[in-house]
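See below for the structure under consideration.
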Amino acid sequence: MSQDDSTIVKQLPNEEFLPQVVALINEGHTITLPLRGRSMRPFLEDNRDNALLKAVDKPEVGDAVLAELWKGHFVLHRIISIEGNKVTLRGDGNLNSDPECTLADIRAKAIGFYRKGSDRLDSTNGRKWRIYSWWWTRLYPIRRYLLFALYPHIPYWLKVESGKRKENRL
Amino acid sequence: MMTEKEDMKTKKGFKLRTVCGENIIVAEGIENVDFSRIISMNETSAYLWKNIQGIDFDENTLAGLLLEEYEVDEATARSDAKALVEKWLEAGIIE
Chain C
20 MSQDDSTIVK
30 QLPNEEFLPQ
40 VVALINEGHT
50 ITLPLRGRSM
60 RPFLEDNRDN
70 ALLKAVDKPE
80 VGDAVLAELW
90 KGHFVLHRII
100 SIEGNKVTLR
110 GDGNLNSDPE
120 CTLADIRAKA
130 IGFYRKGSDR
140 LDSTNGRKWR
150 IYSWWWTRLY
160 PIRRYLLFAL
170 YPHIPYWLKV
180 ESGKRKENRL
Chain V
1098 MMTEKEDMKT
1108 KKGFKLRTVC
1118 GENIIVAEGI
1128 ENVDFSRIIS
1138 MNETSAYLWK
1148 NIQGIDFDEN
1158 TLAGLLLEEY
1168 EVDEATARSD
1178 AKALVEKWLE
1188 AGIIE
C-alpha cells in the first residue's frame, strides 16, 4: 500500500516494464501509459501526459509509435519515413537524433493521448492532433527556434562552462 | 435487517498484477489496462487481496486471514485489518 495518503510517482524501469506492456498489447488490450521524457514536446510533456496504446498492423508515416530500438530500449516517437522495412523516427521535441528501426520493431501505436490531467482523449484521428501534426512536422526547418522559444533554458553544457551562471531549473 | 458493519467486496475493474517484481493494482476494463493510476501493495496487502476475490468480506475476514498466515496476535491482526479496510476504501478499490 502507498505509505501515506498522498500519491507518489512510482517509477518502473522501462526494460522490465515495457515488455510487459507490449505483451498485454499483443494479447489485444489497450494500455494507458504514463509518459516520461521531452521527446514529444510540444504536444506532450514529461511526467504529465498519458498515451493510449494499441497494437498496430501497418504503421504509417505520421503515426506516434512505441518502438523497441534495441532490447529493452524503447522510444515513443513519430514516424517520419518508411522505406521498405526501414523506419525512421523523430520525436517531435527532438532536433537531430532520428533513430532508425525496422517495421518489426514497432510495438504499438498511440491512438490518443490524455493530456494535462484530462480524462478526455485527444485521439490521433481527431482534428487537434492532425492539425498540430500537419504544422509541427512542416515547421521542422525552424524547430530549433520554436523549441527554444517554447522552452527557454540555458543548455547544460553552457551552464557548466560558465561558473557564474545561476542554477537553471529546466 | 441492517447490521452496523456491512459486508464488503472488491470493486470490479481492479486487478492485481505483478510488474517488475511489485504487486500493483491496475484499473482494468475488458480491453483497457490503465497504468496511470496504480496502487502499490505490499506482500501482506496483496495476499489479503488475492484471498478476498469474489467474496463478501469484512474486517473479521481479513483479521482471520492474517492470523492464519502470519505470526501475529489477535489484537494486532484486528487493528491491521481495520487500517487496511480504511485505506482500501479511501483508494476506492472496495465497496
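These protein sequence lines map, in sequence, to chains C and V.
In short: position in the first sequence from 1, add 19, done, that's our numbering.
In short: position in the second sequence from 1, add 1097, done, that's our numbering.
We put the CB at the ideal spot given by N, CA and C, even for glycine.
Query: Residue 31 of chain C to residue 48 of chain C span [Cα, whole Å]; Result: 20 Å
Query: Sub-9 Å separation of residue 88 of chain C and residue 44 of chain C beta-carbons; Result: no
Query: Bounding residues of the alpha helix (DSSP H) (the contiguous stretch that carries residue 1109 of chain V); Result: Unbroken run through residue 1109 of chain V: none, as it is neither H nor E.
Query: Residues that DSSP places opposite residue 133 of chain C in a beta bridge; Result: C/69, C/140
Query: Helix, strand or coil at residue 126 of chain C [DSSP, three-state]; Result: strand
Query: Expected contact under 8 Å - CB spacing of residue 99 of chain C and residue 108 of chain C to nearest Å; Result: 7 Å
Query: Contact set between residue 1152 of chain V and chain C, taken where Cβ atoms lie within less than 9 Å; Result: Under the 9 Å cutoff, chain C gives no residues; its nearest Cβ is about 20 Å from residue 1152 of chain V.
Query: CA-to-CA distance, residue 1180 of chain V to residue 117 of chain C, given in whole angstroms; Result: 51 Å
Query: Coil, strand or helix - residue 1190 of chain V by DSSP; Result: coil
Query: Residues of the segment 51-74 of chain C with Cβ closer than 7 Å to any Cβ of chain V, in chain order; Result: 51, 52, 53, 69
Query: Terminal residues of the beta strand (DSSP E) in which residue 109 of chain C lies; Result: 105-109
Query: Beta-carbon proximity list for residue 1098 of chain V, same chain, < 6 Å, skipping 5 on both sides; Result: Confidence at residue 1098 of chain V is low in this model, with a pLDDT of 49, below 50, so its placement is unreliable and no value can be given for it.
Query: Spatial distance of residue 113 of chain C from residue 93 of chain C (CA atoms); Result: 15 Å
Query: is_contact[residue 40 of chain C, chain V] using C-beta, thresh 9 Å; Result: yes
Query: Chain V residues whose Cβ lies nearer than 7 Å to that of residue 4 of chain C; Result: Coverage of chain C is limited to positions 20 through 189, which leaves residue 4 of chain C absent and any answer about it impossible.
Query: Close beta carbons around residue 66 of chain C, own chain, < 8 Å, minus the five adjacent residues each side; Result: 28, 53, 54, 55
Query: Which of helix, strand or coil DSSP assigns to residue 26 of chain C; Result: coil
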